[in-house]
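Below: one structure, written as C-alpha cells.
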Amino acid sequence: QEKPSRLSAALFGEDCEISHEQVYELLKYAALGKCHNAAQPSWCHIYHQSHLAGVVVIVLHEMSQLHFYKFYLQFKHLRRVFRHRFTLPPSSANFLANLYGDAANLNPQNTAQDSTSTSSQCAINSSDLQRDPIIQKYGEEKRGLTSYTLTLEELKKNDYPMKGSPGYEGYMYTECDQQRTDSSPLFGLDCEMCLTAKGNEVTRVSLVDAQGRCLLNELVKPESRIVNYRTRFSGITRKILLPVKTKLADIQARLKRMLPHDAVLVGHSLNADLQALQMIHPSVIDTSLLFARNEGRRFKLKFLAKAVLGKEIQCEQKIGHDPTEDARAALELAQFFIEQGPAKVAELNLEMLLTTERLTEISSNKSALQLPQNTVQREQNGPPQLSRSCFLDCLQMTGQKPLLLGRQEPDSSGLCQGNLSSSNKQILQQALKDVPLSTFSIIQFSLDPEHVAPHLLAGICEKVRIKLTDMLTIYAGPFDESFCLKTVKKEFRRCGPIRSLTVVTETYQPYVCIQYEVLEAAQLAVESLNGTEVAGSCIKVQRPVTGTMLDCDVLIKELELDIENEGVIYVAGLKKSLTETDLQEEFSQLKDLQALFLPRDLQSGKHRNCCFLKFLKPESAVDALEVINGWAVTGSRLRSRKALAPGHLWRWIWQMDHSNEKQRGDILSVEKEQQSNFEQELRKKLKKLDQHIWKLYRRLQNNTLCVVLFPGVN
Numbered sequence: 001q002e003k004p005s006r007l008s009a010a011l012f013g014e015d016c017e018i019s020h021e022q023v024y025e026l027l028k029y030a031a032l033g034k035c036h037n038a039a040q041p042s043w044c045h046i047y048h049q050s051h052l053a054g055v056v057v058i059v060l061h062e063m064s065q066l067h068f069y070k071f072y073l074q075f076k077h078l079r080r081v082f083r084h085r086f087t088l089p090p091s092s093a094n095f096l097a098n099l100y101g102d103a104a105n106l107n108p109q110n111t112a113q114d115s116t117s118t119s120s121q122c123a124i125n126s127s128d129l130q131r132d133p134i135i136q137k138y139g140e141e142k143r144g145l146t147s148y149t150l151t152l153e154e155l156k157k158n159d160y161p162m163k164g165s166p167g168y169e170g171y172m173y174t175e176c177d178q179q180r181t182d183s184s185p186l187f188g189l190d191c192e193m194c195l196t197a198k199g200n201e202v203t204r205v206s207l208v209d210a211q212g213r214c215l216l217n218e219l220v221k222p223e224s225r226i227v228n229y230r231t232r233f234s235g236i237t238r239k240i241l242l243p244v245k246t247k248l249a250d251i252q253a254r255l256k257r258m259l260p261h262d263a264v265l266v267g268h269s270l271n272a273d274l275q276a277l278q279m280i281h282p283s284v285i286d287t288s289l290l291f292a293r294n295e296g297r298r299f300k301l302k303f304l305a306k307a308v309l310g311k312e313i314q315c316e317q318k319i320g321h322d323p324t325e326d327a328r329a330a331l332e333l334a335q336f337f338i339e340q341g342p343a344k345v346a347e348l349n350l351e352m353l354l355t356t357e358r359l360t361e362i363s364s365n366k367s368a369l370q371l372p373q374n375t376v377q378r379e380q381n382g383p384p385q386l387s388r389s390c391f392l393d394c395l396q397m398t399g400q401k402p403l404l405l406g407r408q409e410p411d412s413s414g415l416c417q418g419n420l421s422s423s424n425k426q427i428l429q430q431a432l433k434d435v436p437l438s439t440f441s442i443i444q445f446s447l448d449p450e451h452v453a454p455h456l457l458a459g460i461c462e463k464v465r466i467k468l469t470d471m472l473t474i475y476a477g478p479f480d481e482s483f484c485l486k487t488v489k490k491e492f493r494r495c496g497p498i499r500s501l502t503v504v505t506e507t508y509q510p511y512v513c514i515q516y517e518v519l520e521a522a523q524l525a526v527e528s529l530n531g532t533e534v535a536g537s538c539i540k541v542q543r544p545v546t547g548t549m550l551d552c553d554v555l556i557k558e559l560e561l562d563i564e565n566e567g568v569i570y571v572a573g574l575k576k577s578l579t580e581t582d583l584q585e586e587f588s589q590l591k592d593l594q595a596l597f598l599p600r601d602l603q604s605g606k607h608r609n610c611c612f613l614k615f616l617k618p619e620s621a622v623d624a625l626e627v628i629n630g631w632a633v634t635g636s637r638l639r640s641r642k643a644l645a646p647g648h649l650w651r652w653i654w655q656m657d658h659s660n661e662k663q664r665g666d667i668l669s670v671e672k673e674q675q676s677n678f679e680q681e682l683r684k685k686l687k688k689l690d691q692h693i694w695k696l697y698r699r700l701q702n703n704t705l706c707v708v709l710f711p712g713v714n
C-alpha cells in the first residue's frame, strides 16, 4: 500500500514569511525528488516524495494577501482546506520566472554543434563506461535472464504485490512456483487503467509470448464507478466499455491458466500492472529498472523503444496507448539486454541520447523557451549536465510534460505548452480533464482588467486597514470621574500588548479607548472584562459600532475555525523580562506542546507580554486552555484563548498600521457608489474562484501536493 506523502513545515509566528527561493526549493523537490540535484527544502520536509501523485500550482494573478483578508469570508474552502499559509515578499514583474527558477542556461566547454546527433556521436568512452549505472549494477559480462529477475528485496522496495505481505491478502497468486532457469519462457504484460472511485482499475490487458505473438488482448469492465477514463493514455471511452461484460476475476483466471509454472513476466513498471490486476507473480523483469539510471530515475518506455529498438510507439497521432504494442516493446527490450549484455547497452549512452532528444524537441518548439546557441556543458567529456535551470526543463528532460493552463502567456520560465482560455470557467473545465493526466500542472486564474484598477484597490487597502484598526480597538466604561488610569491600564494590559490608551471625555462619564497590537488581546478583553469591576466601576467593554464592524462576530468565529489556527492558543499576562527559554521551561508540562512563538515589537525588537503556543493535537490545545487560565507564572496571572491570527497576519497588521500616513493621504478619492459596486462585483468573483479551486481540489488524486499562490501586483 502507498505510504501517504505529506508536508511538514515547522515555521511559526514571524517565520511564516518565506522567499520565492524557498517556494522554488519546495516545488523542485516535489516535482523531481533527488533527480537533478533536487534536495529536501531547507525550511520544510516532504515525506515519501516518491509516492507523490503529482504537483498542482494554482496561481491567482493580480490577487494578494489584501484580497484574501478583505474577502476572507468568501474564501470559505481555501481557508478551511489548505493547512499551511505563508507570506511571500512583493512579486517581481516576471513572477512565474522568478518562482520556477532561471531559464535553462547551459554553458559549454565543448559545444555540440548539431542537436540532431546520431547515436554514434553519443558514444561513451571506456573510462565513463565504468561509471555507468548499468555496469555498476550488472558488470560487463553477458548473463542469462535469471540474473535480471527482481530479487525479493527489489520486489519489496518497488511496491510489487508479494505473497504474505500486508495489503495484498485478497490478491490472486499465479502459482508459478517452478524453479526458473535461463531458458524459462518470457511473457510481455501491459495494462491500461482508468481512474475510478476506488483508484486505478484495469480496463484493458495484453499478454504476448517470447515471439511477440499476442495471446491476450481483452477489455475489462471495472467494478467501481469510473471518475476519469484517461482516454488520452488508455484510449478507453465510455462507448468502448459499454458492451463489455468481462470482469477482473475473469482475466485473473485466464492469466493463471495461460502462464506456465516457470513463466517470467516482463513489463515496464510492472508493479502498477500487477497491482491493478490484483495478482502476485514471483518472477519478473522490470525494464524500467533493468535500464538503470542514477538516483533511482527511470527512462520512459517510449524513449527506450526508440533509442534501443529503433521503434516508434505511443505515437501522439493515436488516441491512447496500445497495450499489446507496449507489452511487445518491453519484452523486446529485455531480450535485447539479455542477448547483447550490459556493456553493449551502456555503450549506447542513453543519458546523452535522451538529452539530445529533449534539446531537439525544445529547439523545434516555437512556444517553448529559446535556448542559447551554446547548449551543452560537458565535464571531462561526460554526459551533459544542466546548470541551475528551471526545473520545468528538467521535467521535460525526464519525459514529463508540465501542463500550463490560463490566460497568461507562457513566459521565459515555461517549457510547458500554454493553453490560453478565455474565462476562468473554461480554464477550470480544461483543468478538470487534464490535471489528473499530468504530474506537474500550473493553473492560472485571473481577474478582469476592471477589477485591478489601482485607485479602486487603494480604496480596498484603506478599508482593510480601518477594519483591522477597529477590530483591535475596544471601548471600556463608564468610570468614576476620579478613576485611576494606571489601574485600568494594568488590568487591560493583562489581555495583551497595548498600542495606545486614551480617555474619552465627551461622554457624561469617562470611558477609555484602548487599541491593542494583536486581535486576540482585544477579543480577550471583550470576553473576560465585559461586566466586571475595574477601578471601582462595573464596566461594559465593546468594540466600535461602525458599518464595517457589523460582521465582526462572524469574522471572529471563522478565524477561530481557520485550519491555520488549529491547535494554536494565545497566552497573555506574561512579564516582559521572561525569555523564550524561561517560557519553554514553564510550559514544558503541557502535553503535546510543539512550538512557542514570543512576538517582538518590529521596531524596538523587544518581547511583548504575550505568546502563542502550538500543539500537535487540537484536543491538547483545548486542555491547555483550561490549565493556563488563571495560572500564575512568576507571580503573574495568565489569560488565554484560541488563536485568531496566524503569525504572518500579525506581522501584516503591524505593517498595515505603520504604513506611511502620506501614502494614505495620496489615495485617490473614489465615489462611494463606484467603490461599493466594485467591491460587490469583486466579492462575487472571488467567491466563484474559491468554488473553482474547491472543485479542482476535490478531483485531485490522493498524495497530490497543491499550492495556491497570490502573487499580487507589486
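Read in UniProt numbering, the sequence shown has 435 at position 435, and its numbers run on one by one without any break.
Glycine is no exception: its CB is placed at the ideal position from the N, C-alpha and C atoms.
Check, Outcome
"Spatial neighbours of residue 305 in its chain, beta-carbon cut-off 6 Å, leaving aside the 5 residues before and after", "311, 313, 329"
"Between the CA atoms of residue 324 and residue 342 - distance to the nearest angstrom", "26 Å"
"6 Å CB neighbourhood of residue 57 in its chain, flanking five on each side removed", "442, 707"
"Coarse secondary structure for residue 16, derived from DSSP in three states", "helix"
"Beta-carbon proximity check, residue 277 vs residue 191, cutoff 9 Å", "yes"
"Proximal residues to residue 26 (C-beta, below 6 Å), its chain only, five neighbours per side dropped", "41"
"Candidates 281, 133, 67, 697: closest to residue 172 by CA position", "281"
"Residue 20 versus residue 712: straight-line alpha-carbon distance, rounded", "13 Å"
"Alpha-carbon to alpha-carbon, residue 600 and residue 636", "19 Å"
"Endpoints, the alpha helix (DSSP H) within which residue 433 is located", "424 to 434"
"Delimiting residues of the beta strand (DSSP E) encompassing residue 88", "Unbroken run through residue 88: none, as it is neither H nor E."
"Validate contact between the segment 281 to 292 and the segment 198 to 209 using beta carbons, cut 8 Å, 3 pairs", "no"
"Buried or exposed by the 16-neighbour rule on C-beta atoms within 10 Å, applied to residue 490", "exposed"
"Contained beta strand (DSSP E) runs [length at least 3] in the UniProt domain \"RRM\" (472 to 546), N- to C-terminal order", "473 to 477, 498 to 504, 511 to 516, 540 to 542"
"Residue 557 burial status per 10 Å Cβ neighbour count (16 or more: buried)", "exposed"
"Residue 570: first and last residue of the uninterrupted alpha helix (DSSP H) it sits in", "From DSSP, residue 570 is part of no alpha helix (DSSP H) but of the beta strand (DSSP E) over 568 to 572."
"N- and C-terminal bounds of the alpha helix (DSSP H) containing residue 81", "76 to 81"
"9 Å Cβ cutoff met for residue 521 and residue 610", "yes"
"Runs of beta strand (DSSP E) lying entirely within the segment 679 to 709, each at least 3 residues, in chain order", "704 to 709"
"Boundaries of the beta strand (DSSP E) in which residue 444 is found, first to last residue", "440 to 445"
"With 16 other Cβ atoms within 10 Å as the buried cut-off, status of residue 698", "exposed"
"Neighbour-count burial assignment, residue 302, 16 or more Cβ in a 10 Å radius", "buried"
"Where residue 229 falls, given that 16 or more other Cβ within 10 Å makes a residue buried", "buried"
"Integer Cβ distance of residue 73 from residue 554, believed to fall under 8 Å", "7 Å"
"Same chain only: Cβ atoms within 6 Å of residue 122, ignoring 5 sequence neighbours per side", "Here residue 122 scores only 43 on pLDDT, less than 50, and its place in the model is too uncertain to base an answer on."
"Local Cβ density within 10 Å of residue 584, reported as buried at 16 or more and exposed below that", "exposed"
"Backbone secondary structure at residue 302 - three-state DSSP", "helix"
"Proximity of residue 596 and residue 619 at Cβ, strictly below 9 Å", "no"
"Beta carbon of residue 334 nearer than 9 Å to that of residue 134", "no"
"Boundaries of the beta strand (DSSP E) in which residue 614 is found, first to last residue", "610 to 615"
"Opposing strand residues paired with residue 286 [DSSP bridges]", "267"
"Counterpart residues of residue 607 in DSSP-defined beta bridges", "600"
"Candidates 477, 265, 436, 588, of which the one nearest residue 227 by Cα", "436"
"Alpha-carbon to alpha-carbon, residue 561 and residue 612", "16 Å"
"Neighbourhood of residue 660 by C-beta, 7 Å cutoff - its chain only, sequence neighbours within 5 removed", "Here residue 660 scores only 46 on pLDDT, less than 50, and its place in the model should not be relied on; the value that follows carries that caveat. Here the set comprises nothing."
"Three-state secondary structure (DSSP) of residue 712", "coil"
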